[in-house]
Amino acid sequence: MSGRGGAGGRGQALVETAVTLPIMIVLFLGFLAAGVAAQGYVDLETAVALAAAANATAYADDRADADRFATSTFEATVGHDSLLRSQGLACSGDYGAGGTVTCQGSAALEFSRTPLAVVVPVDPTLTAQASAVRSPYRSARP
Amino acid sequence: MVEFAIVVFAFLLVMFATMLAAFHSIQRATAETAAATGVQVAASGAPGRVDQPDLAGAFAPTRDLLRSVMFATAIVQVPPGRPCPPLGGIAQDTLEVCAYPDGELVAETVRGHPNLLLPAFVADRLPFSIDVTVEMHAVSYQP
Numbered sequence: 001m002s003g004r005g006g007a008g009g010r011g012q013a014l015v016e017t018a019v020t021l022p023i024m025i026v027l028f029l030g031f032l033a034a035g036v037a038a039q040g041y042v043d044l045e046t047a048v049a050l051a052a053a054a055n056a057t058a059y060a061d062d063r064a065d066a067d068r069f070a071t072s073t074f075e076a077t078v079g080h081d082s083l084l085r086s087q088g089l090a091c092s093g094d095y096g097a098g099g100t101v102t103c104q105g106s107a108a109l110e111f112s113r114t115p116l117a118v119v120v121p122v123d124p125t126l127t128a129q130a131s132a133v134r135s136p137y138r139s140a141r142p
Numbered sequence: 001m002v003e004f005a006i007v008v009f010a011f012l013l014v015m016f017a018t019m020l021a022a023f024h025s026i027q028r029a030t031a032e033t034a035a036a037t038g039v040q041v042a043a044s045g046a047p048g049r050v051d052q053p054d055l056a057g058a059f060a061p062t063r064d065l066l067r068s069v070m071f072a073t074a075i076v077q078v079p080p081g082r083p084c085p086p087l088g089g090i091a092q093d094t095l096e097v098c099a100y101p102d103g104e105l106v107a108e109t110v111r112g113h114p115n116l117l118l119p120a121f122v123a124d125r126l127p128f129s130i131d132v133t134v135e136m137h138a139v140s141y142q143p
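Protein sequence lines, in the order shown, are assigned to chains A and B. For the first sequence, the numbering used here begins at 1 and goes up steadily by one. For the second sequence, the numbering used here begins at 1 and goes up steadily by one.
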């Protein structure tokens, strides 16, 4: 028979630590991953919002140029986030003066490039959407 | 008693770290919003020269948004057209705002080390710097 400070007690403490420590580490990394995901989502939201705004600044009824403006804005902004990998942007809507264009962009959040891959073994795909209104006075390409 | 002291210390440490991380998240998200606001101004036409980006105009709206969460932090404008220096070249408690052309796009960077309201010997060792860059296609005004 052993008391609180005996071999049995030390063994119990060891088992408790062995059970608790991995849970604490996984919890800590999980919170960290949630923070990184939130940050990635904010970056993606910003990129899509700017892309929609860029789309709306192009000449009215010039879909090719408007989409090019939006895509280059999206790709460049996403490219500055080291953990986001662009998976494309698509815009649709009314490209005429006063029309509303909606863009949807997606990107993979590359946990696999970080130690957080231990708790998040996949690279989740984030999606964001934003709309912009072209000025009713925007002219067509001369 | 010793166990209790250790637990209380650990609890306070974790709580403090959590609050600091949350504060940094707010600062970074605000920097992202501020940069996005500034770059939209920068991508627009300059006063009197509508076919040129308004790089100088990006700073004021960016600074105004940053000020709300950057306590005791100097917000410095880098001369328009020049990219920001690397993080290592920016002083503590300083954020630099840079707007510069990037081909057909205009970029704005907010980079630096915001004041975390901590003693310098602690703040210097924390990895809570800000480095946000956004870009936008320059607005194509008709001639």
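From the three backbone atoms N, C-alpha and C, an ideal C-beta is built for every residue, glycine too. Computed from a predicted model, the values in this text were never measured in an experiment.
Whole-angstrom Cβ separation of residue i and residue j, contact assumed at under 8 Å?
i: L132/B; j: A31/B; result: In the sequence on display, residue 132/B carries Val and not Leu. With 8 Å as the limit, V132/B and A31/B qualify as a contact, their Cβ atoms being about 5 Å apart.
i: Q92/B; j: A123/B; result: 7 Å
i: V119/A; j: V26/A; result: 6 Å
i: L117/B; j: F128/B; result: In fact, because the Cβ distance is near 11 Å, the residues do not count as touching under 8 Å.
i: V97/B; j: Q77/B; result: 6 Å
i: L95/B; j: P114/B; result: 6 Å
Should residue i be labelled buried (16 or more other beta-carbon atoms within 10 Å of its own) or exposed?
i: V14/B; result: exposed
i: M70/B; result: buried
i: V110/B; result: buried
i: Y137/A; result: exposed
i: F4/B; result: exposed
i: T62/B; result: buried
i: P47/B; result: exposed
i: F16/B; result: exposed
i: P80/B; result: buried
i: M136/B; result: buried
i: V122/A; result: exposed
i: P119/B; result: exposed
i: S2/A; result: Note that S2/A scores 46 on pLDDT, short of 50, meaning its location in the model is unreliable; the coordinates nonetheless yield the value given after this. Under this definition S2/A is an exposed residue.
i: L116/A; result: buried
Would you kindly check if the distance between the Cβ of residue j and the Cβ of residue i is under 9 Å?
i: V106/B; j: A43/B; result: yes
i: A138/B; j: G38/B; result: no
i: P101/B; j: P53/B; result: yes
i: T33/B; j: L65/B; result: yes
i: V101/A; j: S131/A; result: yes
Under 8 Å Cβ-Cβ, which residues of chain E neighbour residue i?
i: A52/A; result: Although the question refers to chain E, the structure presented lacks it and instead comprises the protein chains A and B.
Inside the region 38-66 of chain B only - beta strand (DSSP E) runs reaching at least 3 residues
49-53
Are three or more beta carbon pairs between the region 49-60 of chain A and the region 25-39 of chain A nearer than 8 Å?
no
Taking three-plus beta-carbon pairs below 8 Å as touching, is the region 119-128 of chain A in contact with the region 104-111 of chain A?
yes
To test your reading of the DSSP string, which unbroken beta strand (DSSP E) runs of 3 or more residues are found completely within the region 69-108 of chain A?
Runs found: 84-93.
Using 8 Å as the Cβ pair cut-off and three pairs as the minimum, do the region 85-95 of chain A and the region 68-75 of chain A touch?
Yes, they touch.
Under 8 Å: do the region 59-73 of chain A and the region 90-97 of chain A share three or more Cβ pairs, one atom per stretch?
Segment contact: the region 59-73 of chain A against the region 90-97 of chain A, three or more CB-CB distances shorter than 8 Å; contact assigned.
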